[in-house]
Amino acid sequence: MHVSTLCVCLLGAIWAQGRSVSDATRTFIPFQLVNGTSTAEIISQAGNLDGPKLKPGVNDTTFDWWYFDAVSTTSKNESLTIVFYNSGPSSLGNPGGPLSVQISGVLANGTTFVTAVDATGGTTVENDNNNGIFSIWNGAGASFAGTSLEHDSPEYTVTVNNPAIGVNGTLNLRSLSPPHYPCDINRPGMSQEIIPNVYWSNAVPDAVATADFTIAGSSLRFTGNGYHDKNWGSTILSDTFDTWYWGHARLGPYSLVWFDTLTQDGKEHFSSWITKDGKILSQSCQPKSVIVRPWGDNSEYPPYPKLAAPSGYTIRYDLDGGSSFVANFTRENIQLSTNTYKRMTGTIVGGVEGGEQYEGQSLCEQFQY
């Protein structure tokens, strides 16, 4: 038995203690595309905020992913992102097969890294209200497990042990902010649409993160701010919007998540989220509920393909009662960069306008089609 197989079996055994098989929804996703219609879950279902969202699976043009990240608060450079992809080659450009795991980040010395591996043995996902979720990505040496989102302060552990790509370690997240959908809290019957044909659920808006990895022989070990969400879509991602600004941060007692997206019809879509000490301060999808704009170098709006990363962003939330929460992000590292995508980390400063201001760390992204 390979070490990676032993690790995921032990995780599964620990997760399954005290539960019967019938309690869970178990889904096996093979390493092959659906030859036919792929139907997206649009309205939230009880116990499935973080589960698979496309039935019977993904086809050439659809996608479903689980995203985890952490940014260090104990060093200047370090960050880590792990994404579990189930996607067709036309939807996200994944020619090797629908199931893959991508690991990227920045080491303490500022060196960036990115690697990916296919889950050729398929993926198993078990999830339910009472016991949470557990998923093994066979052939990739990767798995993730999370406690129930119905309970306070859920915890997730992501494990990768794959000598072939030189990655070994765990990422632990202990949530500080409750799970939610784009415009509603975690409950059944809610719309999961963030923009037309693209959907979103946010299991862990903010977390205390602990990363302990070896990447090609180099150590990546830090504590910081963590995050976990998932996106899925019923069409090719690049056909749905021109610009997408997303990010998360912690500023003192405040946990922030933002979406500001410009679709191809020229309409701007918003999703704002702020909690204070774990309690919801603001959540809205109303027009201008959170406006994100780049500043400094390469700050053209909307950004276009091949434009370099901006110096930073101003993020302005419209709170109830006419007040605003304003944050200013300054880019320090570019974790991942392509002609149409940038993922960045850096310092963020902000607070309720006219009130106490805080400083923290943030991770954010920009699509530019």
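Numbering (UniProt numbering) for the sequence shown: 1 to 369. Ideal placement from N, C-alpha and C gives every residue a C-beta, glycine not left out. Since this is a predicted model, take the numbers as computed values, not measurements.
Range of the contiguous beta strand (DSSP E) that encloses residue i
i, result
"Ser218", "218–233"
"Arg174", "167–175"
"Thr27", "25–29"
"Gln192", "Premise fails: Gln192 is in no beta strand (DSSP E) and is neither H nor E."
"Ser282", "279–284"
"Asp212", "198–215"
"Val290", "290–295"
Simplified DSSP state of residue i, which is helix, strand or coil
i, result
"Gly122", "coil"
"Pro95", "coil"
"Leu319", "coil"
"Ala164", "helix"
"Leu107", "coil"
"Ser22", "Note that Ser22 has pLDDT 39, beneath the 50 cutoff, so the model's placement of it is unreliable and the number below is only indicative. Ser22: helix per DSSP, three-state reduction."
"Leu149", "coil"
"Ser337", "strand"
"Gly251", "Reading off the sequence, residue 251 comes out as Leu, not Gly. Residue state, collapsed to three classes: strand."
"Leu54", "strand"
"Ser135", "strand"
"Ser44", "coil"
"Asp265", "coil"
"Ser238", "helix"
Whole-angstrom distance between residue j and residue i, CA atom to CA atom
i, j, result
"Asn131", "Thr210", "22 Å"
"Gly127", "Gly296", "Sequence check: residue 127 is Asn here, not Gly. The straight-line gap from Cα to Cα measures roughly 44 Å."
"Asn162", "Ser337", "24 Å"
"Trp244", "Val167", "30 Å"
"Asn298", "Gly312", "9 Å"
"Leu92", "Leu237", "7 Å"
"Val21", "Leu33", "Any reading at Val21 is ruled out, since the residue's pLDDT is 39, under 50, leaving its predicted position unreliable."
"Gly146", "Thr159", "12 Å"
"Ile103", "Leu49", "23 Å"
"Trp200", "Val125", "18 Å"
"Phe84", "Asp229", "11 Å"
"Ala207", "Ser191", "24 Å"
"Ser250", "Asp60", "Sequence inspection shows Arg at residue 250; the Ser mentioned does not correspond to that position. Taking the straight line joining both Cα atoms gives about 37 Å."
Beta-ladder partner(s) of residue i, from DSSP
i, result
"Tyr245", "Asp260, Gln366"
"Tyr85", "Trp65, Ser100"
"Thr37", "Per DSSP, none; premise fails for Thr37."
"Leu80", "Ala70, Gly105"
"Glu353", "DSSP lists no partner for Glu353."
Check: residue i C-beta below 7 Å from any heavy atom of the ligand SAM
i, result
"Ala119", "You won't find the ligand SAM in this model; it holds no ligand whatsoever."
Any chain C beta carbon closer than 8 Å to residue i
i, result
"Arg331", "No chain C appears in this structure, which consists of one protein chain only."
Checklist entry - Between the stretch 308–327 and the stretch 270–290, are three or more C-beta pairs nearer than 8 Å? => result yes
Checklist entry - Do the stretch 61–76 and the stretch 214–229 meet, that is, are 3 or more Cβ pairs less than 8 Å apart? => result yes
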